[in-house]
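Numbering (the numbering used here), first residue to last: 3 to 294. Here a beta-carbon is modelled for each residue, glycine too, at the ideal position from N, C-alpha and C.
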């Protein structure tokens, strides 16, 4: 098999040409609206990256092709684009509830490797697949395990502002402190039935609150552990009405920190767990990006 050719970069407009007005459909407002970058002609785009416990399938890769199309279109139109993404290399629970085994650990046991060896193996394979599809690589591409300090700092900022509480040894985000939490999905929270699909965590003040940081009280033998100011060691997950996933904190913290070197996040590509993204972003920075 011949080695894949490097992905060609789009030819941008000349600097003296006026930039076209970019209009995108915003999931938050349900309207097509113009994009107003915080810095003229410069757009920061955050797109969710892979959780690297197994091989990416065609459905996963379709999403990254769409991200690539957007990035190329923006650059062709003359915008300077900072395309930020992440690699979730820890913490993806197998259960829809906030229990069960981490898929990273399942993969490690299946293949006789360590969790980090599994992560690096499937990260490499994912990037090779993207190269074969001529998908431009995001920069920066942030590994969750290399941004634990950013996650802790983000949680501490939320705690200082009163958005968190501790219960049962874990730290939770209180959605009652973010009244527009359900706006992004168009689902009023009072219309949702807690406990209809998964068991409600009795430690939560509101059944739709989500965990920011787990402690030994819930997972005593996790393969990757970190100390924290809350006495726990395991970075937490989060939820929405459909699924639980532990990538929120690393995706939010890495996107905020990586993007902050230029300007606040302008565009977020949509994901199943975008409500907690918005809650954490909005509570920490006050930034409201366009959600695709």
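Quick check on residue i: does DSSP put it in helix, strand or coil?
{"i": "residue 229", "result": "coil"}
{"i": "residue 167", "result": "strand"}
{"i": "residue 74", "result": "helix"}
{"i": "residue 182", "result": "coil"}
{"i": "residue 191", "result": "helix"}
{"i": "residue 30", "result": "coil"}
{"i": "residue 20", "result": "coil"}
{"i": "residue 240", "result": "Low local confidence applies: a pLDDT of 35 at residue 240 is under 50, so the model's placement there is unreliable, and no value is given."}
Considering only the alpha carbon of each residue, which of the options lies closest to residue i?
{"i": "residue 124", "options": "59, 87, 269", "result": "59"}
{"i": "residue 63", "options": "139, 212, 182", "result": "139"}
{"i": "residue 86", "options": "169, 136, 51", "result": "51"}
{"i": "residue 43", "options": "71, 114, 82", "result": "82"}
{"i": "residue 170", "options": "55, 214, 107, 116", "result": "214"}
{"i": "residue 107", "options": "54, 293, 46, 163", "result": "54"}
{"i": "residue 57", "options": "192, 144, 127", "result": "127"}
{"i": "residue 117", "options": "147, 141, 136, 135", "result": "147"}
{"i": "residue 89", "options": "158, 141, 211, 22", "result": "141"}
{"i": "residue 227", "options": "23, 25, 150", "result": "150"}
{"i": "residue 162", "options": "212, 36, 231", "result": "231"}
{"i": "residue 135", "options": "65, 293, 113", "result": "65"}
{"i": "residue 157", "options": "113, 212, 144, 143", "result": "212"}
{"i": "residue 217", "options": "193, 204, 172, 181", "result": "172"}
{"i": "residue 129", "options": "67, 111, 71, 181", "result": "67"}
{"i": "residue 75", "options": "25, 61, 38, 111", "result": "25"}
Starting from residue i, follow its DSSP beta bridges and name the residues at the other end.
{"i": "residue 36", "result": "25"}
{"i": "residue 44", "result": "41, 82"}
{"i": "residue 172", "result": "169"}
{"i": "residue 300", "result": "What is shown of the chain runs 3 to 294, which leaves residue 300 out entirely."}
{"i": "residue 212", "result": "175"}
{"i": "residue 282", "result": "DSSP, once it has assigned bridges, lists no residue as partnering residue 282."}
{"i": "residue 217", "result": "Answer is none; residue 217 lacks a bridge partner."}
Near residue i, which residues of its chain fall below 6 Å by C-beta distance, leaving aside the five closest residues on each side in sequence?
{"i": "residue 209", "result": "196, 202"}
{"i": "residue 27", "result": "34"}
{"i": "residue 115", "result": "none"}
{"i": "residue 143", "result": "87"}
{"i": "residue 145", "result": "89, 91"}
{"i": "residue 205", "result": "169, 170"}
Leaving out the 5 sequence neighbours to the left and right, which residues in its chain are closer than 8 Å to residue i when beta-carbon positions are compared?
{"i": "residue 32", "result": "188"}
{"i": "residue 1", "result": "Residue 1 lies beyond the range of the chain shown here (3 to 294); nothing can be said about it."}
{"i": "residue 185", "result": "30"}
Check whether the Cβ of residue i sits closer than 7 Å to any heavy atom of the ligand GDP, and report yes or no.
{"i": "residue 227", "result": "Inclusion of the ligand GDP in the displayed structure is not the case, the ligand content being empty and no account of it being possible."}
So, at 7 Å on beta carbons, what are the nonlocal neighbours of residue i in its own chain, with the 5 sequence-adjacent residues on each side left out?
{"i": "residue 121", "result": "54, 91, 106"}
{"i": "residue 183", "result": "177, 191, 277, 281"}
{"i": "residue 73", "result": "47, 83, 85, 138"}
{"i": "residue 164", "result": "179"}
{"i": "residue 113", "result": "120"}
{"i": "residue 1", "result": "This structure cannot settle anything about residue 1, because the visible part of the chain is limited to 3 through 294."}
{"i": "residue 109", "result": "55, 56, 120"}
{"i": "residue 131", "result": "58, 63"}
What runs of the beta strand (DSSP E), each 3 residues or longer, lie entirely inside the stretch 80-157?
-> Within the stretch 80-157, the complete beta strand (DSSP E) runs of at least 3 residues fall at 82-89, 143-145.
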